[in-house]
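For the first sequence, the residue numbers in numbering that gives the first Met the number 0 are 0 to 807.
Even glycine gets a Cβ: it sits at the ideal position worked out from N, Cα and C.
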Amino acid sequence: MNFKEIEPKWQKFWENKGLFKAPSEPIPDKKYYNLVMFAYPSGDIHIGHFRNYTIGDALARYKKMRGFDVLHPFGWDAFGLPAEEAAIKHGIHPREWTLNNIEVSRVTLKRLGIGYDWDREVITCLPDYYRWNQWIFLKMFEKGLAYQAESLVNWCPHCKTVLANEQVEDGACWRCHQEVTRKNLVQWFFKITEYADRLLQDLDRLEGWPERVKAMQRNWIGRSEGARVIFKLDPERTELPVYTTRPDTLFGVTFISIAPEHPLSKTLSKGLPEEKMVNDFIESTLRRTERDRTAQGEKNGVFTGRYALHPMTGEKIPLWIGDYVLAGYGTGIVMGVPAHDQRDFIFAKKYSLPIKVVVEPHSQELNALELKEAYEAYGTMVNSGPFTGFFSFDGIKAITEMLKEKGLGDFEVRFKIRDWLISRQRYWGTPIPMIHCEKCGVVPVPYEDLPVKLPEGKIDFIPKGRSPLEDVPTFIEVTCPKCKQKAKRDPDTMDTFVDSSWYFLRYLDPKNEKLPFDPKKANAWMPVDQYTGGIEHATLHLLYFRFFTKVLHDLGYVRIDEPVVRLFNHGMVSDSQGEKMSKSKGNTVSPSDLIAQVGADVTRIAVFFAAPAEKEILWSEDGIGGAERFLNRVWRFFESALEQNEGEERPEKVWRKLHQTIKRVTEDMERFSFHTAIAALMELLNVLEEEKSKGKFARSVMAIYAQLISPFTPHIAEEMWEKLGNKSSVFQSEWPSYDPKALEESEIEIVIQVNGKVRDHLTVAKGAKEEEIKLKALDSPKVKNLIGDKELKKIIVVPEKLVNLVVQ
RNA sequence: GCCGGGGUGGCGGAAUCGGCAGACGCACGGGACUUAAAAUCCCGGGCCUUGCAAAGGGCGUGUGGGUUCAAGUCCCACCCUCGGCACCA
0 MNFKEIEPKW
10 QKFWENKGLF
20 KAPSEPIPDK
30 KYYNLVMFAY
40 PSGDIHIGHF
50 RNYTIGDALA
60 RYKKMRGFDV
70 LHPFGWDAFG
80 LPAEEAAIKH
90 GIHPREWTLN
100 NIEVSRVTLK
110 RLGIGYDWDR
120 EVITCLPDYY
130 RWNQWIFLKM
140 FEKGLAYQAE
150 SLVNWCPHCK
160 TVLANEQVED
170 GACWRCHQEV
180 TRKNLVQWFF
190 KITEYADRLL
200 QDLDRLEGWP
210 ERVKAMQRNW
220 IGRSEGARVI
230 FKLDPERTEL
240 PVYTTRPDTL
250 FGVTFISIAP
260 EHPLSKTLSK
270 GLPEEKMVND
280 FIESTLRRTE
290 RDRTAQGEKN
300 GVFTGRYALH
310 PMTGEKIPLW
320 IGDYVLAGYG
330 TGIVMGVPAH
340 DQRDFIFAKK
350 YSLPIKVVVE
360 PHSQELNALE
370 LKEAYEAYGT
380 MVNSGPFTGF
390 FSFDGIKAIT
400 EMLKEKGLGD
410 FEVRFKIRDW
420 LISRQRYWGT
430 PIPMIHCEKC
440 GVVPVPYEDL
450 PVKLPEGKID
460 FIPKGRSPLE
470 DVPTFIEVTC
480 PKCKQKAKRD
490 PDTMDTFVDS
500 SWYFLRYLDP
510 KNEKLPFDPK
520 KANAWMPVDQ
530 YTGGIEHATL
540 HLLYFRFFTK
550 VLHDLGYVRI
560 DEPVVRLFNH
570 GMVSDSQGEK
580 MSKSKGNTVS
590 PSDLIAQVGA
600 DVTRIAVFFA
610 APAEKEILWS
620 EDGIGGAERF
630 LNRVWRFFES
640 ALEQNEGEER
650 PEKVWRKLHQ
660 TIKRVTEDME
670 RFSFHTAIAA
680 LMELLNVLEE
690 EKSKGKFARS
700 VMAIYAQLIS
710 PFTPHIAEEM
720 WEKLGNKSSV
730 FQSEWPSYDP
740 KALEESEIEI
750 VIQVNGKVRD
760 HLTVAKGAKE
770 EEIKLKALDS
780 PKVKNLIGDK
790 ELKKIIVVPE
800 KLVNLVVQ
């Protein structure tokens with residue numbers, strides 16, 4: 000049987016029948032929104048995509064047979080840098096390059112037998128879509144959730160654009176791995192920090208999400224509880240707020256450190272003998288790379304010549320500038336407690352600053368002079384004025400409360416997460432719908448003027464470190480919507496992660512020209528019941544789209560405030576050495592080639608059976624051979640079953656195996672254990688072959704077999720279904736259910752253990768009494784031999800399972 | 001350092017509720033068919049050990065302990081490994 004020859008026939012059949020079209024509003028209790036991460040069209044579909052999308056496809060087909068209204072849409076994350084790079088390299092316009100790739104990939108997806116509702120296809124680089132990015136941006140601007148600010152931002156010198164925090168991995172650009180530098184720029188941000196607490200807390204509600212994704216998001220959001228403590232500059236009494244999680248160590252402060260980037264650093268020493276040293280230090284520190292500076296270990300600093308007053312004791316505390324103080328976290332100023340913070344300890348030792356012990360472990364005195372490292376644990380407070388004798392936890396509370404009374408501090412919760420920087424200095428993205436007017440300032444583009452379209456024609460894409468749009472006068476030059484004077488458009492485009500933050504809502508109403516989506520339709524389909532994709536977006540897309548959902552919820556456009564009930568992360572597909580596949584390494588496996596060689600169904604089985612869906616696959620051709628062998632056997636058995644008419648008896652063994660298989664496959668589909676579902680189907684085939692099942696009975700078994708295997712091998716299943724005399728699609732049939740009675744065996748094998756070790760087996764009738772089992776077990780010659788004249792202490796009988804004889 | 005996964009044959013892995021560890025497959029070895037090969041079919045296999053054989057025995061799910069009649073599964077301590085966060089005060 001040449002499987003690949005029948006595949007186009009069934010693909011056409013499905014398309015003509017509109018098998019995968021979803022209703023615009025589903026039956027409420029029977030809806031299944033089955034979402035897979037849409038694709039960046041960088042060429043053709045690769046094997047990683049293939050794995051992702053066959054999982055989604057198998058689920059869609061299974062759920063349809065279970066009677067659900069299934070929504071299984073697809074689209075393209077079509078903006079992004081590679082399109083511009085291709086434009087520079089090959090002189091093709093990014094749009095043309097992108098749309099060509101989409102064309103090629105769409106055909107491949109169809110040939111892979113993946114069934115989408117293509118009427119809902121979304122392409123983010125088309126104005127139909129990105130105008131709603133602009134619309135949402137304006138809504139967020141109105142709510143104060145989109146704002147422009149000057150700050151030190153991550154800059155990728157290779158991509159020549161800024162990056163959000165989430166897009167810097169280990170100090171390098173997530174896309175090109177070039178080391179990131181810092182720049183002070185005015186950029187647009189989304190205020191995700193305002194949602195930090197909700198994004199964190201609601202993770203607890205996401206029971207259907209993998210623990211590791213939730214852990215990553217918790218780490219990333221980085222909530223910490225502590226206190227703001229205000230030191231005052233001597234003598235001006237300017238406030239120097241610090242953030243600390245250890246107010247209990249407040250009496251141990253012997254210096255204060257300020258980040259070199261902090262504005263105060265430049266001004267504190269003005270006119271003092273220290274001024275030059277301070278300026279030199281700041282300058283040389285700022286010149287160092289982020290990675291170099293944050294390498295743990297060495298700490299450098301310089302004394303400013305100035306002092307601050309301790310909020311409790313009024314003591315004069317020296318002010319230092321320290322290169323280990325992060326400008327972007329807390330207040331950019333920290334209190335130095337060398338006895339109880341390892342970083343402060345190293346710093347104090349280096350510059351011979353005093354060390355003062357204020358917390359001691361239980362029943363042990365610490366001597367500041369003898370400390371080898373900071374004592375960072377909690378303990379009993381000492382040398383802490385009225386708080387001496389308190390335990391740390393009580394001290395934290397009491398000290399913060401007293402600071403609050405004095406107006407010199409308060410409890411404070413801090414997050415590590417920063418606001419989402421969305422400006423990009425590139426062409427191929429959504430224009431930011433803002434106008435800069437000399438007179439009126441920043442003015443939003445009126446809604447009726449949307450979309451702000453990307454200019455067409457000849458554009459110089461070569462990155463120069465500023466947006467290519469800046470050099471397109473027809474785009475940049477506008478009149479101010481307010482004062483009608485000459486003004487300029489914002490030249491930047493949006494981060495493409497904006498596009499992917501709400502595409503799942505556009506699928507629900509893709510042609511809407513009045514709104515990004517109709518809330519009624521959104522409420523009918525949301526939340527997404529199942530989302531399937533890779534783990535790489537754990538703290539990127541998966542954080543951003545939760546944020547967008549909450550914003551759109553707060554704006555009143557969706558009822559739900561979490562987008563996805565159940566999240567599944569499939570494993571990667573690597574080469575046989577475990578190396579990541581890439582075009583440059585030449586170790587890629589092309590799904591298109593595989594379909595051409597062995598067909599889609601064989602490839603699908605091979606990928607499903609290679610490993611549990613959540614684990615990495617080390618790709619090997621051997622898997623293809625095994626899959627092909629299995630499907631050939633299925634087909635051969637199917638044909639032999641069709642041919643013969645005699646043999647209508649229903650052997651109990653096969654009947655039972657059939658129903659066990661229905662049960663197992665059904666349960667395995669529900670728990671995403673596709674490889675064991677296939678193993679169960681292999682076992683059933685083994686039994687069918689062993690028992691040489693034939694005729695009518697075998698045909699009825701094979702009808703069920705076709706249904707059970709159909710999520711994995713849809714084409715072969717349809718072919719079998721048709722040959723069995725059915726006119727409609729196997730996917731319009733009802734998923735088989737098992738008969739619990741068929742699972743019951745009339746005779747049951749029972750294990751006989753002596754002292755917990757299996758020594759013999761016993762066959763008894765179903766429902767045999769304990770007493771009978773005991774007697775039979777004791778009657779076993781093997782058992783008699785083992786027991787001999789030892790004393791029988793106890794007999795444990797687990798009905799229908801085992802009997803354990805305990806002897807001494 | 002903190003947080004989260006995971007450790008089972010040569011390999012991918014199974015064991016879903018504490019009850020026969022290794023299902024299913026890959027690779028491998030042996031055999032049948034064939035002039036031959038491919039394809040296909042049959043047989044074998046955790047490790048060690050007694051035995052000519054038939055048939056036995058012991059050990060075995062990262063390590064050490066514990067609970068239990070019974071532990072891959074539960075509890076305690078530890079080791080290794082993968083991933084996330086990390087000069088975050």
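- In this structure, the CA atom of LEU541 is about 13 angstroms from the CA atom of VAL527.
- The C-beta distance from PRO509 to VAL121 rounds to 6 angstroms, short enough to fall under 8 angstroms.
- Here the alpha carbon of ASP667 sits roughly 11 angstroms from the alpha carbon of TYR61.
- Nearest in C-alpha terms to PHE414, of all of ASP169, GLY221 and PRO156, is GLY221.
- Straight through space, the alpha carbons of ILE332 and VAL69 are spaced by roughly 54 angstroms.
- About 7 angstroms separates the CB atoms of SER728 and LYS16; that is less than 8 angstroms, so the two are in contact.
- With respect to GLY251, HIS157 sits apart: the two C-beta atoms are not nearer than 7 angstroms.
- Annotation for GLY296: no alpha helix (DSSP H) segment contains it, and DSSP assigns it neither H nor E.
- With the rule of 3 Cβ pairs closer than 8 angstroms, the stretch 8-23 does not count as touching the stretch 541-552.
- The three-state reading of DSSP puts SER639 in helix, counting H, G and I together.
- According to the DSSP secondary-structure assignment, TRP13 is paired through a beta bridge with no residue.
- Taken through DSSP and simplified to helix, strand or coil, THR192 comes out as helix.
- In this structure, the beta-carbon distance from ILE101 to TRP75 falls below 7 angstroms.
- It is roughly 49 angstroms from the alpha-carbon of PRO360 to the alpha-carbon of LYS579.
- The stretch 87-168 is shown to contain whole alpha helix (DSSP H) runs of 4 or more residues at 93-110 and 126-141, in chain order.
- Cα atoms of CYS439 and LYS487: separation of roughly 12 angstroms, rounded to the nearest angstrom.
- Assigned with DSSP and collapsed to three states, PRO317 falls in strand.
- For the pair of segments examined, the stretch 148-166 was found not to touch the stretch 550-566: the number of CB pairs separated by less than 8 angstroms stays below three.
- For the pair TRP187 and GLN147, the CB atoms are nearer than the 7 angstroms cut-off.
- Going by C-alpha positions, LYS30 is about 11 angstroms away from ARG65.
- Taking a C-beta distance under 7 angstroms as the contact criterion, THR548 and MET493 do not qualify as a contact pair.
- The three-state secondary structure of GLU411, taken from DSSP, is strand.
- The DSSP-derived three-state label of SER23 is coil.
- The Cβ atoms of PHE673 and ALA612 sit closer than 7 angstroms to each other.
- A direct Cα-Cα distance of roughly 31 angstroms separates ILE421 from ILE46.
- Listed in chain order, the non-local C-beta contacts of GLY304 below 7 angstroms within the same chain comprise SER268, LEU271, PRO272 and GLU273, local neighbours out to five positions each way being set aside.
- When DSSP states are grouped into helix, strand and coil, GLU437 belongs to the coil group.
- Listed as beta-bridge partners of LEU554 by DSSP are no residues whatsoever.
- When beta bridges are read from the DSSP output, ASN33 appears opposite GLN529.
- Apart from the 5 residues on each side of it in sequence, GLY300 sits with its Cβ closer than 7 angstroms to the Cβ of SER256, TRP319, ILE320, GLY321, ASP322, PHE346 and TYR350 in its chain, given in chain order.
- For the pair of segments examined, the stretch 167-183 was found not to touch the stretch 477-491: the number of CB pairs separated by less than 8 angstroms stays below three.
- As the crow flies, the alpha-carbon of PHE730 is around 13 angstroms from that of ILE113.
- DSSP, read as helix, strand or coil, puts SER619 in coil.
- Counting C-beta pairs with one atom in each stretch, the stretch 613-628 and the stretch 568-579 have three or more that are closer than 8 angstroms, which means they touch.
- Using a Cβ-Cβ distance cut-off of 8 angstroms, the stretch 388-401 and the stretch 281-293 are not in contact, since fewer than three pairs of beta carbons, one from each stretch, lie closer than that value.
- With the rule of 3 Cβ pairs closer than 8 angstroms, the stretch 494-506 does not count as touching the stretch 171-179.
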